[in-house]
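Asks: Input: one structure, supplied below.
There are 2 protein chains.
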Amino acid sequence: MSAFEQRLNDFQKLIKKMIAYGEAVGLMHWDLRTGAPKKAVEGRSQVIGQLSGELFRLSTSDEMGAILEELSRPDHEERLNRTQKKMIAVAKKEYDRSKKIPPDLYQQYVVLTSQAESVWEEAKETSDFAKFRPYLEKIVATNLEFIEFLGYETNKYDTLLDMYEPGMTMAKLDQLFGALRERVVPLVAAIQQSPHQPDTSFLKQTFDKEKQRQFNLFILREMCYDLEAGRLDETVHPFAIGLNPGDVRITTKFVLDDLATALFGTIHEGGHALYEQNITKDLMGTNLCSGTSMGIHESQSRFWENMVGRSYSFWQRYYGELQQTFSGLLDGVPLSDFYRAINESKPSLIRTESDEVTYNLHIMIRYEIEKALFEETVSVADLPEFWNEKYRDYLGVVPANDGEGVLQDVHWAGGMFGYFPSYALGNMYAAQFRHTLLGQMPDMEDKIAKGDLLPIKEWLTEQIYQYGKLLDPGEIVLQVTGEELNPDYLVRYLEEKYKPIYKL
Amino acid sequence: MSAFEQRLNDFQKLIKKMIAYGEAVGLMHWDLRTGAPKKAVEGRSQVIGQLSGELFRLSTSDEMGAILEELSRPDHEERLNRTQKKMIAVAKKEYDRSKKIPPDLYQQYVVLTSQAESVWEEAKETSDFAKFRPYLEKIVATNLEFIEFLGYETNKYDTLLDMYEPGMTMAKLDQLFGALRERVVPLVAAIQQSPHQPDTSFLKQTFDKEKQRQFNLFILREMCYDLEAGRLDETVHPFAIGLNPGDVRITTKFVLDDLATALFGTIHEGGHALYEQNITKDLMGTNLCSGTSMGIHESQSRFWENMVGRSYSFWQRYYGELQQTFSGLLDGVPLSDFYRAINESKPSLIRTESDEVTYNLHIMIRYEIEKALFEETVSVADLPEFWNEKYRDYLGVVPANDGEGVLQDVHWAGGMFGYFPSYALGNMYAAQFRHTLLGQMPDMEDKIAKGDLLPIKEWLTEQIYQYGKLLDPGEIVLQVTGEELNPDYLVRYLEEKYKPIYKL
């Protein structure tokens, strides 16, 4: 074995070890949320800490540094195939980033955010922003320090964005969100003023949990979610987790008096899971075997949830089964009423409960706040007011207190600045992919109306899923759609869908 | 920090790391058996291999070697407390054992036994001993090699016994089993000849699974199994697994047309779990925080299953609830008939389905075979005949084929020689502990009849559970009962219980 081959071998061994730790930690997280006994937590947290620490040490080890340096030598690099090159690039990005931050500072930050999360919980419950404020101030200040260590080109905030959406910048987001805002804000207003508001009362009857579970499982199978490579459990906060390509689990939340919560939650997580289940097996055992970014991931959950699962075609096929499953509850409700009910759009205060149209505005508000924080044009102390103003401007609603206002999301307590935009990017990517898909599969809606979802899953697999992290989000969107991310597709999709629903 | 303190610190850190790997691997095993999707297995096996390998490397690392050597220095040793001394002794025993076996030989053996397990499965199904024979020959031969590397004093087989029951020897077992055989073989014969055989037909009706689950959970709570530190799941082969003292899970197998399978399986695993749940919290984070040996562990599962769960007193308290739960099925069955039915004793071919009395004979047969193999007085080729002869002698039954004969257990395919005796030792320990308990708590049966099981659990905790591995099995039995393991207690218990049942 040549020195080069030896190095490559060492690299792959190191990556495999890191994957093993990651998978073990993933399973422990899943278990803690789905059914671990209460008293397991103390010991389990220590084990998670131990293995996560080990994982971090490996990713920043001298061994990793030496391997990456050698393999990046021009004479070595040209002997690498495409997958190997990308594996090294991904590992190197992580290595460089972790190495630039002083370990002590990072350690303090981990403690800070974990304290902040519990303080936030109390502060939210009592709507007491003052309590949370000093923590948030420190978290923002530490992130600013991080940015100094990590470096930035034009805007400090770009460094944070890149962590969740490689290649995304404030300049691009300003443009994307600007275009979106211009047409979504008036759409939201028009919807609100429409005299044709849907009746949603029939979604609020009592729906037997076991029947809900059975129907959700049925829909998952129809979506081509592979239940031999996954399972459905119940949690307070639904999620999808890919442990390996043969084990991608999802959870949902059954609410007895709200049919929509579990149903669309399950389809949403199912979309995330389809992505992870369909990454090519060739990437197993590499650090590329997961979704390429938060935004692309969210595009898949949103595509399946809203563009398939909340489409008229979908319910042409499945509404009969739904009526039968909950016999007596929906018998007198025509399909058209059901369709309008599940697509109700209404300005609200809480992001996680908002609909497809207004959701984007919730995200834009958070984006503008984060931007202002990292451009240092607003202070943490002013956030509650800033937040309330934005809600009034964009959505026409004002929180009664900070608990349902600036304190509503956990993200900032955890230091996740730069994450929120992914949610809206997901909607934009999804609409743009859908546009291309419709061009190549003009009978897509007919297929959906027949429950023939396999070709759609296969198209997404070929275009997106199979690549894992082999392609960056920007490369994917360009390769699939032939152009860069363009917010027009989302706006057009929303207008085309919602104008008929609200008779605008 | 002194050099000594530094070393001690390093040692504790290393142990904590090993515990973390062990707990992660444990959870992955639990998950694979309870509900992991089928396609998870491929990836998960690699992760388990990776982490188990890491665990083995840590336990035999140069770092561990150096730490153990230093801490064992006389001037250091005297500064250690009791727990630290035992921690070092346990780690050292494992280190020494692992270090003596050449890694290549061990690696080949791991491959051999994993192949042997799948060959065994086929061989068992087709009753084809010839197919399994070459594997078993190699496994025995490799174990003989291991023994040469590990060393032995009087008998080679002692080295294997010590792995599962520290301190146990062939000489002791010969004496224990000899005494047992002398009185159990006639008891079995007398039971078989009794004209008063219990009617068990009412245990074979159809018992609703959900009701079985609820009743099993109720009994677990009554036993003081802490469901906030555990959970009950369903598997083909029931087991208990202690992940940490706050997370000790059990599984059971529900058989619709056999009430006894799940019920007594659950109580059995519940006994194992009580042990692990009640180790003192002081031992958390040490390598002493689990049951001290297979035999002592089995004593607890057997004590709860047979001496509590199959006692008349127990059903004086719970039979009413059982009848109510399965209303209509047991209404006409008097308690005394039920008690006799759940204590039916009948010579059979299959160990795992055998009763409290005959079980010991199944074990003795295996012990005699293992002994003969390692004294090299019988060859693998002769095992089927040897087996059948022993069954005829001890139990009066002869297998129709090797599938229900010599091929029935997986243990030998996995190389687990020296393990079987633990099962019978468990029965002996249990009876001896029970005798002491009865001396100190003369109203034990009254307590059981009132469902007042807490004092019993507390006594066992104080006497046995709390210590974990801090005491060896021999030390425990001496400390609790004031004498060495004595088979008379088991014989007396069996005679006292079964003579009335069979009117002998």
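Taken in sequence, the protein lines are chains A and B.
Under this note's numbering, the first residue of the first sequence carries the number 1, and numbering increases by one thereafter.
Under this note's numbering, the first residue of the second sequence carries the number 1001, and numbering increases by one thereafter.
Glycine included, C-beta positions come from ideal geometry on N, C-alpha and C.
Note that this is a predicted model, so its numbers are computed, not measured.
Quick one, which of Val1357(B), Thr1083(B), Lys1092(B), Gln1193(B) has its alpha-carbon nearest Tyr1423(B)'s?
Replies: Within the second sequence, the letter at position 423 stands for residue 1423(B). For the options Val1357(B), Thr1083(B), Lys1092(B), Gln1193(B), the alpha carbon positioned closest to that of Tyr1423(B) is the one of Val1357(B).
Asks: Would you be able to state if there are at least three C-beta pairs under 8 Å between the region 107–121 of chain A and the region 23–36 of chain A?
Replies: Output reads no: the region 107–121 of chain A does not touch the region 23–36 of chain A.
Asks: Step through the CB atoms of chain A and report whether any lies within less than 9 Å of the CB of Gly1043(B).
Replies: Along the second sequence, one-based indexing puts residue 1043(B) at 43. Chain A contact via Cβ: present.
Asks: Do the region 46–57 of chain A and the region 1006–1021 of chain B touch if we need at least three Cβ pairs shorter than 8 Å?
Replies: Under the three-pair Cβ rule at 8 Å, the region 46–57 of chain A counts as touching the region 1006–1021 of chain B.
Asks: For Val1406(B), which of helix, strand or coil comes out of DSSP?
Replies: Here the question's residue 1406(B) lines up with position 406 in the second sequence. Val1406(B): coil per DSSP, three-state reduction.
Asks: List, in chain order, every chain A residue whose beta-carbon is nearer than 9 Å to that of Met1064(B).
Replies: The residue labelled residue 1064(B) in the question sits at position 64 within the second sequence. Neighbours of Met1064(B) on chain A: none; closest Cβ ~17 Å, over 9 Å.
Asks: Using a Cβ-Cβ cutoff of less than 7 Å, which residues in the same chain neighbour Ala1273(B) once the five nearest sequence positions on both sides are dropped?
Replies: As a working mapping, residue 1273(B) is identified with position 273 in the second sequence. So the qualifying residues of the chain are Tyr1225, Gly1230, Ala1240, Val1248, Ile1250.
Asks: Report yes if the CB atom of Asp1472(B) is closer than 9 Å to the CB atom of Gly1167(B), and no otherwise.
Replies: Here residue 1472(B) corresponds to residue number 472 of the second sequence, with the count starting at 1. Here residue 1167(B) corresponds to residue number 167 of the second sequence, with the count starting at 1. Against a cut-off of 9 Å, the Cβ pair of Gly1167(B) and Asp1472(B) comes out as a contact.
Asks: Do Gln1408(B) and Leu1490(B) have their CB atoms nearer than 9 Å?
Replies: Taking the first residue of the second sequence as 1, we reach residue 1408(B) at position 408. Taking the first residue of the second sequence as 1, we reach residue 1490(B) at position 490. In this structure, Leu1490(B) does not lie closer than 9 Å to Gln1408(B) by Cβ.
Asks: Taking the alpha-carbon positions, what's the Arg1516(B) to Leu227(A) distance?
Replies: In the structure as shown, chain B starts at 1001 and stops at 1504, and residue 1516(B) therefore has no counterpart that could be examined.
Asks: Just the C-alpha distance for Thr1266(B) and Gly1405(B), rounded to the nearest angstrom, thanks.
Replies: Stepping through the second sequence from its first residue, residue 1266(B) is reached at position 266. Stepping through the second sequence from its first residue, residue 1405(B) is reached at position 405. One Cα belongs to Thr1266(B), the other to Gly1405(B), and the distance between them is close to 27 Å.
Asks: With a threshold of 8 Å, are at least 3 pairs of Cβ atoms found where one atom belongs to the region 438–456 of chain A and the other to the region 130–146 of chain A?
Replies: no
Asks: Taking 7 Å as the limit between beta carbons, can you name the residues of its chain near Phe132(A), skipping five residues before and five after?
Replies: Along the first sequence, read from residue 1 onward, the residue named residue 132(A) stands at position 132. Cβ neighbours of Phe132(A) beyond the five flanking positions: Val119, Trp120, Ala123, Leu407.
Asks: Among the candidates Leu71(A), Ala179(A), Asp128(A), whose CA atom is the shortest distance from the CA of Asn401(A)?
Replies: Here residue 401(A) is taken as the residue at index 401 of the first sequence, counted from 1. Selected option, being the one with the closest Cα: Asp128(A).
Asks: What residues in the region 236–263 of chain A bring their beta carbon closer than 9 Å to a beta carbon of chain B?
Replies: Leu243, Asn244, Pro245, Gly246, Asp247, Val248, Arg249
Asks: Taking the Cβ atom as the reference point for each residue, do Ser1348(B) and Leu1383(B) lie within a distance shorter than 9 Å?
Replies: By 1-based counting over the second sequence, the position of residue 1348(B) is 348. By 1-based counting over the second sequence, the position of residue 1383(B) is 383. Not a contact, by the Cβ cut-off of 9 Å.
Asks: Which partner residues does Ala240(A) have in the DSSP bridge list?
Replies: Taking the first residue of the first sequence as 1, we reach residue 240(A) at position 240. DSSP lists Ile250(A) as partners of Ala240(A).
Asks: So with CB distances below 8 Å, who are the chain A contacts of Met1028(B)?
Replies: Locating residue 1028(B) in the second sequence gives position 28, counting from the first residue. Those within 8 Å of Met1028(B) in chain A are Ala24, Leu27.
Asks: Helix, strand or coil: which one does DSSP assign to Leu1032(B)?
Replies: Indexing the second sequence from 1 puts residue 1032(B) at position 32. Three-state result, Leu1032(B): helix.
Asks: Mind pulling the chain A residues with CB within less than 7 Å of Val1110(B)?
Replies: Looking up residue 1110(B) in the second sequence gives position 110. In chain order: nothing, as chain A lies at least about 18 Å away.
Asks: For Glu344(A), name the three-state secondary structure that DSSP assigns.
Replies: Here residue 344(A) corresponds to residue number 344 of the first sequence, with the count starting at 1. The answer is coil: DSSP assigns Glu344(A) none of H, G, I, E or B.
Asks: For Leu232(A), write down the residues that DSSP places opposite it in a beta bridge.
Replies: The residue given as residue 232(A) occupies position 232 in the first sequence. In DSSP, Leu232(A) forms a bridge with Ile250(A).
Asks: Round the Cβ separation of Leu144(A) and Ile67(A) to the nearest angstrom and send it over; I've been treating them as touching at under 8 Å.
Replies: Working through the first sequence from its first residue, we reach residue 144(A) at position 144. Working through the first sequence from its first residue, we reach residue 67(A) at position 67. Contact doesn't hold; Cβ gap of about 32 Å is too wide.
Asks: Enumerate, from N- to C-terminal direction, the unbroken alpha helix (DSSP H) stretches of 4 or more residues contained entirely within the region 302–356 of chain A.
Replies: Fully enclosed alpha helix (DSSP H) runs of 4 or longer: 312–325, 335–342.
Asks: My output table needs one value for Val1041(B): the three-state DSSP class, helix, strand or coil.
Replies: As a working mapping, residue 1041(B) is identified with position 41 in the second sequence. Val1041(B): helix per DSSP, three-state reduction.
Asks: Within a Cβ cutoff of 7 Å, which residues of the same chain sit near Leu1032(B), ignoring the five residues on either side of it in sequence?
Replies: Along the second sequence, one-based indexing puts residue 1032(B) at 32. Excluding sequence neighbours, Leu1032(B) sits near Val1041, Arg1044.
Asks: Shorter than 9 Å from the beta carbon of Pro37(A) to some beta carbon of chain B?
Replies: Taking the first sequence and counting its residues from 1, the one referred to as residue 37(A) is at position 37. Interface residue, yes.
Asks: Hey, could you find the ends of the alpha helix (DSSP H) Tyr467(A) is sitting in?
Replies: Here residue 467(A) refers to the residue found at position 467 when the first sequence is read from its first residue. Looking at the DSSP string, Tyr467(A) is not in any alpha helix (DSSP H), and its letter there is neither H nor E.
Asks: So if DSSP puts Asp1258(B) in a beta bridge, which residue, or which two residues, is it bridged to?
Replies: To locate residue 1258(B), count along the second sequence from 1; it is residue 258. Beta-bridge pairing links Asp1258(B) to Val1255(B).
Asks: Verify the CB distance criterion: does Glu117(A) have a CB-CB separation below 9 Å to chain B?
Replies: By one-based count along the first sequence, residue 117(A) stands at place 117. Not an interface residue.
Asks: Would DSSP call Ser118(A) helix, strand or coil?
Replies: Residue mapping note: residue 118(A) aligns to position 118 of the first sequence, counting from 1. In the structure shown, Ser118(A) sits in a helix (DSSP, three-state: H, G or I).
Asks: Does DSSP put Asp1208(B) in a helix, in a strand, or in coil?
Replies: Here residue 1208(B) corresponds to residue number 208 of the second sequence, with the count starting at 1. Coil at Asp1208(B), not helix or strand.
Asks: Can you tell me whether DSSP reads Met18(A) as helix, strand or coil?
Replies: Position 18 of the first sequence, counting from 1, holds the residue named residue 18(A). The answer is helix: DSSP assigns Met18(A) an H, G or I state.
Asks: Determine whether the Cβ of Gln1466(B) lies closer than 9 Å to any Cβ atom of chain A.
Replies: Looking up residue 1466(B) in the second sequence gives position 466. Closer than 9 Å: no.
Asks: Nearest-angstrom Cα distance between Thr286(A) and Leu478(A)?
Replies: Sequence index remark: in the first sequence, residue 286(A) carries index 286 (1-based). Sequence index remark: in the first sequence, residue 478(A) carries index 478 (1-based). Each residue's alpha carbon lies about 24 Å from the other.
Asks: Between Tyr1429(B) and Ile1296(B), is the Cβ-Cβ spacing less than 9 Å?
Replies: Reading the second sequence from its first residue, position 429 is the one you call residue 1429(B). Reading the second sequence from its first residue, position 296 is the one you call residue 1296(B). Yes. Within cutoff.
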